[in-house]
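Below: the structure, in structure tokens.
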Amino acid sequence: MIGVVDTSASPSPRLQRELATVRAMMRLHCRGVHRSAAGLCAECTDLLAYAERRVEACPHGQDDKPSCGVCTIHCYDRVNRERIRAVMRWAGPRMLLHHPWLALLHWADRFRAGRRRPPASAG
Numbered sequence: 000m001i002g003v004v005d006t007s008a009s010p011s012p013r014l015q016r017e018l019a020t021v022r023a024m025m026r027l028h029c030r031g032v033h034r035s036a037a038g039l040c041a042e043c044t045d046l047l048a049y050a051e052r053r054v055e056a057c058p059h060g061q062d063d064k065p066s067c068g069v070c071t072i073h074c075y076d077r078v079n080r081e082r083i084r085a086v087m088r089w090a091g092p093r094m095l096l097h098h099p100w101l102a103l104l105h106w107a108d109r110f111r112a113g114r115r116r117p118p119a120s121a122g
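Position one of the sequence shown corresponds to residue 0 (numbering that gives the first Met the number 0), numbered consecutively onward.
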């Protein structure tokens, strides 16, 4: 089937890095906002599981997967998209201090050739 990811295969290194970035952002957010001392709270655990499922089931597959921020397909439902945006908005700047390498690579993924959102029409 075209556009379906084989989840039995191990994720590509870039996909593994993207999942590691989401996990790191969720840990920072939960610790800072929800004051969770040990692991993730139930709300953050649910959101992380949802995000992992969506990343692993990306219709672009593993090799052509763009950064979610520049993707033209919205895989997340409206509520979870807003929740993950709030997490990233809070954790993003803090990633530079806590996980600088992941933050830099996450930012650089937006500029990979052929992975940009098409420009808005002038009309």
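Backbone N, C-alpha and C define an ideal beta-carbon position, used for all residues, glycine too.
All of these numbers come straight from a predicted model, not from anything done at the bench.
Please report the distance separating the alpha-carbon of residue i from that of residue j.
i	j	result
P10	D108	17 Å
H59	M87	22 Å
R80	A41	18 Å
H73	A36	32 Å
K64	R84	19 Å
C57	F110	19 Å
H12	S66	Looking at the sequence shown, residue 12 is not His but Pro. About 14 Å.
R82	D76	10 Å
C70	R52	17 Å
H33	V78	19 Å
Looking at the unbroken alpha helix (DSSP H) that takes in residue i, where does it start and where does it end?
i	result
R109	Unbroken run through R109: none, as it is neither H nor E.
A50	41–55
H97	77–97
Grouping DSSP H, G and I as helix and E and B as strand, with all else coil, what is residue i?
i	result
R34	coil
C67	helix
H73	coil
H105	helix
H59	coil
P12	helix
Taking 7 Å as the limit between beta carbons, can you name the residues of its chain near residue i, skipping five residues before and five after?
i	result
L104	R16
A146	Because residue 146 is not part of the residues shown, which for the chain are 0 to 122, the question remains open.
Report all residues from its chain with a CB closer than 8 Å to the CB of residue i; omit the five preceding and five following residues, and keep chain order.
i	result
R93	L27, G31
H97	A23, L27
M136	Only positions 0 to 122 of the chain appear in this structure, which leaves residue 136 out of reach.
Got a sec? Which residues, its chain only, sit under 6 Å from residue i by beta carbon, not counting five neighbours each side?
i	result
V21	A50
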